Amino acid sequence: MKTTSNFRPIASVMAVALAALLLLAPGATAAKVPPLASTAQYKAFVDYVNTLRELRAKPATAAKKASYEQRLTAKHQAAVNKSNALFQRVKALAKAETQRQFQVASKKIRLAESAELADLRADYADKLTAARDILQRDVGAVENKFDARYATLNRQITRLRVEKAKAKALPKKVRIQEQINVLIKEIGDSRTQEREAITKLKDRYAERRTAILAAKQAATTKVREAREEDVEEARARWNRAAARQLDDDRVRRSNQLTNLEVKLQAGRGYIASMPVSG
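Residue numbers 644 to 921, in this note's numbering, belong to the letters of the sequence shown in order.
Next comes the structure, spelled out in structure tokens:
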């Protein structure tokens, strides 16, 4: 038996919700990490390179130049280490933010799923109630029909029994009793017909109820599968967003390291240009 439902899933609502959540890209975590240029290590390195530039024409001993090189290398390494540390920090924060936002999206999806399932249960509960009401109405109609028949037959039997009691001749009493027996048999046959009619109605109700419950289970499964797809879609989208952000952060760190290397070579050039004294 085919059943229909007024229930409508809210997939479009979920799509809007997911899109809104994805506006909060993992890249927002970068704002929580200071840029390399603002760190003490980077500033110290740049300041030292600038100092070497100012000293590039000043004579220096080989030992002094070696000292400059050692300090330049150390400050460069400190800035590189800081760049790497900031990258790891951004990556960790982005991962945590991605997981947090996914949990937010997942919770919204599950709440929507709960609302959908509640509406679905109410919808199919109404269908079951309607089916029971139809059964009770039809059973009542059958009972009323046969009750009327029994009343008519019983009135006829009562009238015949009165006639039989008044009859004087035995043959007439026998004929009347035969009529009464026919009516009694008709009552018995009618009761059998009534039971069969009610049994058919109950069987029809059982089929309708089974179909409704099957449709409810199918609809429930469809909702749950759809929301599970939404959860997996949210997970995949956040993972892709996080991966894109990580790529951007890698490019940023690579540019930082290139910049540090350029400044390192510039510092070494300044040291090399210093006239050797002594």
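Yeah, the Cβ is synthetic: ideal placement off N, Cα and C, and Gly gets one too. Please read these numbers as outputs of a predicted model, since none were measured by experiment.
Boundaries of the alpha helix (DSSP H) in which residue i is found, first to last residue
i    : result
L679 : Run containing L679: none; DSSP gives neither H nor E here.
V782 : 705-809
S897 : 813-916
Short Cβ contact (8 angstroms threshold) for residue i with residue j
i    : j    : result
M917 : R699 : yes
L763 : T863 : yes
L844 : D781 : yes
L679 : K725 : yes
A735 : A885 : no
A774 : Y848 : yes
P702 : S897 : no
D891 : F730 : no
K816 : K807 : yes
Y691 : L715 : yes
V894 : L760 : no
I823 : I841 : no
Inter-residue CB distance, residue i and residue j (contact presumed, cutoff 8 angstroms)
i    : j    : result
V676 : V723 : Incorrect: roughly 17 angstroms between the Cβ atoms, too far for contact.
E837 : V785 : 6 angstroms
A721 : F688 : 7 angstroms
I819 : L803 : 5 angstroms
L771 : I855 : 6 angstroms
R792 : S833 : 6 angstroms
W881 : T741 : 5 angstroms
Residue i Cβ short of 7 angstroms to the ligand SAH heavy atom set
i    : result
L903 : Summarising the ligand content, the structure contains no ligands, and the ligand SAH is consequently not present.
**Request:** Decide yes or no for the touch test of the segment 705-724 against the segment 754-761: beta carbon pairs closer than 8 angstroms, at least 3 of them.
**Result:** Touching, no, given that fewer than three Cβ pairs across the two stretches are closer than 8 angstroms.
**Prompt:** Any chance the segment 735-751 sits against the segment 872-883, with 3 or more Cβ pairs inside 8 angstroms?
**Reply:** Touching, yes, given that three or more Cβ pairs across the two stretches are closer than 8 angstroms.
**Message:** Assess contact between the segment 785-797 and the segment 900-918, defined as three or more Cβ pairs (one per stretch) separated by less than 8 angstroms. Is contact present?
**Reply:** Remark: fewer than three beta-carbon pairs, one from each stretch, lie closer than 8 angstroms, so the segment 785-797 and the segment 900-918 are not flagged as touching.
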